[in-house]
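Q: Using our numbering, you'd call the opening residue of the sequence shown number 5 and step up by one each time.
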Amino acid sequence: MKTQKIVREAQSLMPGGVSSPVRAFKAVGGDPIVLVKGKGPRVWDADGNEYIDFLASWGPLILGHAHPKVVKALERELKQGLSFGLTNPHEITLARLVVEMIPSVEKVRFVNSGTEATMSAVRLARGYTKRKYVLKFEGCYHGHYDSLLVSAGSGVATFGIPGTPGIPEEIAKLTIVVPYNDKEAVREAFDRFGDEIACVIVEPVAGNMGVVPPEGGFLKFLREITEDLGSLLIFDEVITGFRLSKGGAQEVFNIEPDITCLGKILGGGMPVGAYGGRKEIMSQVAPEGPVYQAGTLAGNPLAMVAGAETLKELRDKDPYADLDKKASFLEESLRDILKEKGIPHTINRVGSMMTVFFTEEKVKDFQSAKRSDTKLFAKFFNSLLSEGVLIPPSQFEAWFVSTAHEERDLQEAVEKIEKAVRGL
Ligand code: KE4
């Protein structure tokens, strides 16, 4: 088996044999697969097995794998060189698309990952407000920046504790962690720390505890309380940006954050992150202002070109109603299959991102998500994999439907899911 050989060699050269922990399949057991090719809605592993893909590289591939327009644009640009380290025209093309599509963004800075985007946004918020506390939500993941890799402390609205070794508690203490969708807890945090909170950072639709939508005016509440108390509202739209609409979650929910973080789809599969907002805030970013942030490969021409082709396709084709229809078919079919088999479950879906939880209760925050049967999820994942369907190897992630998933692909996926569930 080529895969096993590759995995063994990888494990001898890289921690856990991976470039990112979740790829080691620890949450679902068994050997990870190694992917070598993607085309449209499908991927192939090192042993030639084919999968209908709902991982979509964790979200970027809303147009499917190797979209012809993206590949052609990269081939053209490649011949011009790979990187210059000075401004290139493609940065301006992508910046103009971001400003045109994301309602709250007047100016944008490109970085190389979602983590860099959220890290820089928090530093900007602290620099702009001259305050030090950050408020985040349990179960929301914003990349591996120290101040955001913080778990909830004991009791509600208290100081955070390090989410991993290597983060000094002095840093974790500057982050307050409260439950998602819990307005009372947010109010309590502001009662305690109000005029010292630099920013509230939130996934406007959570994707990292599995999909959990905002409830009962949660986002409007965050917008109002931050406005009233002089904190900045940061929308981490690394997943939802260009996923839920051309203007991301902020367009769907009609809420304008102060800073928006972007990534994933923004690069169309190439490494790109960004943060942006009103000119008045972004003018604080070096060299225009004093808040420092930099990056050797930021604005890389190849990455800019891949992102621009992707966003142009989304802007011009506006596929969101169709994506919603396709994902609704997948959701309803999955629901019927699990009901038929008598398996307790709940499915959360917003547009073309969804998660099935094996629990009967409503999943509205991380605690309820964690009460789902993750052992059954692991069996479900591996059963699907052996039938040729690839979903994220973790209960606390989102499935993604792309424009490349045609009806026949979804029908085939449903048949495979039906077979996989029969075997549970
Ligand atoms: P990156 O640094 O991985 O590009 O982005 C960090 C990040 C920021 N904000 C949100 C809402 C995110 O979802 C992410 C990264 N997402 C995870 C999975 N949901 C990436 C997969 C991985 O860690 O390997």
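Ideal Cβ positions, reconstructed from N, Cα and C, are used throughout, including at glycine.
Note down, in chain order, each residue of its chain lying with its Cβ closer than 8 Å to the Cβ of G251, except the 5 sequence neighbours on either side.
A: Looking up residue 251 in the sequence shown gives position 247. Within the same chain, G251 has close Cβ partners M105, I106, P107.
Q: Rounded to whole angstroms, what's the CA-CA distance from A307 to E365? Just pull it up for me.
A: Counting from 1 along the sequence shown, the entry for residue 307 is found at position 303. Counting from 1 along the sequence shown, the entry for residue 365 is found at position 361. Taking the straight line joining both Cα atoms gives about 42 Å.
Q: Spell out a yes or no on whether the stretch 267–281 and the stretch 118–134 are touching, meaning 3 or more CB-CB pairs, one atom from each, closer than 8 Å.
A: Judged by Cβ distances under 8 Å, the stretch 267–281 makes contact with the stretch 118–134, as three or more pairs qualify.
Q: Under 8 Å, do I243 and G221 count as touching if we go by C-beta distance?
A: Your numbering for residue 243 matches position 239 in the sequence shown. Your numbering for residue 221 matches position 217 in the sequence shown. Contact: no.
Q: Measuring from the CB of D369, is there a heavy atom of the ligand KE4 at a distance below 7 Å?
A: Position 365 of the sequence shown, counted from the start, is the residue given in the question as residue 369. No; taking the cut-off as 7 Å, the Cβ of D369 has no heavy atom of the ligand KE4 nearer than that.
Q: Which value, in whole angstroms, describes the spacing of the CA atoms of N258 and T162?
A: Here residue 258 is taken as the residue at index 254 of the sequence shown, counted from 1. Here residue 162 is taken as the residue at index 158 of the sequence shown, counted from 1. Spanning the two alpha carbons is a distance of roughly 30 Å.
Q: Given the structure, does T350 come close to the ligand KE4, in the sense that its CB is under 7 Å from one of the ligand's heavy atoms?
A: Start at 1 with the first residue of the sequence shown, and residue 350 comes out as number 346. No.
Q: Verify the CB distance criterion: does L266 have a CB-CB separation below 8 Å to chain C?
A: Here there is only one protein chain, and chain C is not present.
Q: Does DSSP classify N386 as helix, strand or coil?
A: Reading the sequence shown from its first residue, position 382 is the one you call residue 386. N386: helix per DSSP, three-state reduction.
Q: In terms of residue numbering, what span does the beta strand (DSSP E) encompassing G273 cover?
A: Taking the first residue of the sequence shown as position 1, residue 273 is located at position 269. Here G273 belongs to no beta strand (DSSP E), and DSSP marks it neither H nor E.
Q: Do you know whose CA, among A60, L327, G33, lies nearest P45's CA?
A: The residue given as residue 45 occupies position 41 in the sequence shown. The candidate whose alpha carbon is nearest that of P45 is A60.
Q: Are at least three pairs of beta-carbons, each pair with one atom in the stretch 307–319 and one in the stretch 134–148, less than 8 Å apart?
A: Segments in contact, no.
Q: Report the option in Q84, C203, T168 whose CA atom is closest to the CA atom of L237.
A: Indexing the sequence shown from 1 puts residue 237 at position 233. Of the candidates Q84, C203, T168, the one whose C-alpha sits nearest the C-alpha of L237 is C203.
Q: Regarding V47 and the ligand ATP, is the C-beta to nearest heavy atom distance less than 7 Å?
A: This structure simply doesn't include the ligand ATP; it includes the ligand KE4 instead.
Q: Hey, how far is the Cα of I347 from the Cα of D340?
A: Taking the first residue of the sequence shown as 1, we reach residue 347 at position 343. Taking the first residue of the sequence shown as 1, we reach residue 340 at position 336. The alpha-carbon atoms of I347 and D340 are separated by roughly 10 Å.
Q: Say the cut is 7 Å; is the CB of G267 nearer than that to a heavy atom of the ligand KE4?
A: Taking the first residue of the sequence shown as position 1, residue 267 is located at position 263. The answer is yes for G267.
Q: Which residues bound the alpha helix (DSSP H) around I10?
A: As a working mapping, residue 10 is identified with position 6 in the sequence shown. Per DSSP, I10 belongs to the alpha helix (DSSP H) from 6–17.
Q: Taking buried to mean at least 16 other C-beta atoms within 10 Å of its own C-beta, is T300 buried or exposed?
A: Here residue 300 is taken as the residue at index 296 of the sequence shown, counted from 1. It is exposed - the Cβ of T300 has fewer than 16 other Cβ atoms within 10 Å.
Q: Alpha carbon to alpha carbon, what distance is there between S287 and G131?
A: On the sequence shown, residue 131 is found 127 positions in, with the first residue counted as 1. On the sequence shown, residue 287 is found 283 positions in, with the first residue counted as 1. Rounded to the nearest angstrom, the two C-alpha atoms are 12 Å apart.
Q: Considering only DSSP beta bridges, list what Y55 is partnered with.
A: Position 51 of the sequence shown holds residue 55. Answer is V47.
Q: What residues match up with S155 in a beta bridge as DSSP calls it?
A: Numbered from its first residue, the sequence shown carries residue 155 at position 151. S155 is bridged to I165.
Q: Within the continuous beta strand (DSSP E) that includes T300, where are the two ends?
A: For the purposes of this step, residue 300 is identified with residue 296 of the sequence shown, where counting begins at 1. From DSSP, T300 is part of no beta strand (DSSP E); its letter is neither H nor E.
Q: Please confirm whether G167 and E401 have their CB atoms less than 8 Å apart.
A: The residue you call residue 167 lines up with position 163 of the sequence shown. The residue you call residue 401 lines up with position 397 of the sequence shown. No, these two residues do not count as a Cβ contact at 8 Å.
Q: From the DSSP output, which residues share a beta bridge with R113?
A: Here residue 113 corresponds to residue number 109 of the sequence shown, with the count starting at 1. In the DSSP output, where bridge partners are listed per residue, R113 has Y279.
Q: In chain order, what residues of the same chain have a beta carbon less than 7 Å from the beta carbon of K6, not counting five sequence neighbours either side?
A: On the sequence shown, residue 6 is found 2 positions in, with the first residue counted as 1. So the list reads A50, D51, once near-sequence residues are dropped.
Q: Are the CB atoms of F194 and I205 within a distance shorter than 8 Å?
A: Residue 205 sits at position 201 when you count from the first residue of the sequence shown. Residue 194 sits at position 190 when you count from the first residue of the sequence shown. No, these two residues do not count as a Cβ contact at 8 Å.
Q: Are S406 and L67 close, meaning C-beta to C-beta below 8 Å?
A: Position 402 of the sequence shown, counting from 1, holds the residue named residue 406. Position 63 of the sequence shown, counting from 1, holds the residue named residue 67. Yes, the pair counts as a contact, with Cβ atoms nearer than the cut-off.
Q: Report the rounded CA-to-CA distance for P396 versus P36, giving the unit in angstroms.
A: Against the sequence shown, residue 396 aligns to sequence position 392. Against the sequence shown, residue 36 aligns to sequence position 32. Taking the straight line from one Cα to the other gives about 12 Å.
Q: Does the stretch 259–266 touch the stretch 78–96, meaning 3 or more C-beta pairs lie closer than 8 Å?
A: Judged by Cβ distances under 8 Å, the stretch 78–96 makes no contact with the stretch 259–266, as fewer than three pairs qualify.
Q: Contact defined as beta carbons within less than 8 Å: I believe E192 pairs with V160. What is the distance between those atoms, to the nearest angstrom?
A: The residue given as residue 192 occupies position 188 in the sequence shown. The residue given as residue 160 occupies position 156 in the sequence shown. Between V160 and E192 the Cβ distance is about 6 Å, and since that is below 8 Å, they are a contact.
Q: Give the single residue among G164, P305, L139 whose Cα lies nearest to the Cα of L86.
A: Numbered from its first residue, the sequence shown carries residue 86 at position 82. The residue with the shortest Cα to Cα distance from L86 is P305.
Q: Kindly list the residues whose CB is nearer than 7 Å to the CB of K73, restricted to its own chain and excluding five residues on each side of it in sequence; keep chain order.
A: Sequence index remark: in the sequence shown, residue 73 carries index 69 (1-based). Excluding sequence neighbours, K73 sits near E313, E317.
Q: Sorry if obvious, but does the Cβ on Y145 come closer than 7 Å to a heavy atom of the ligand KE4?
A: By one-based count along the sequence shown, residue 145 stands at place 141. Flag set: Cβ of Y145 near the ligand KE4.
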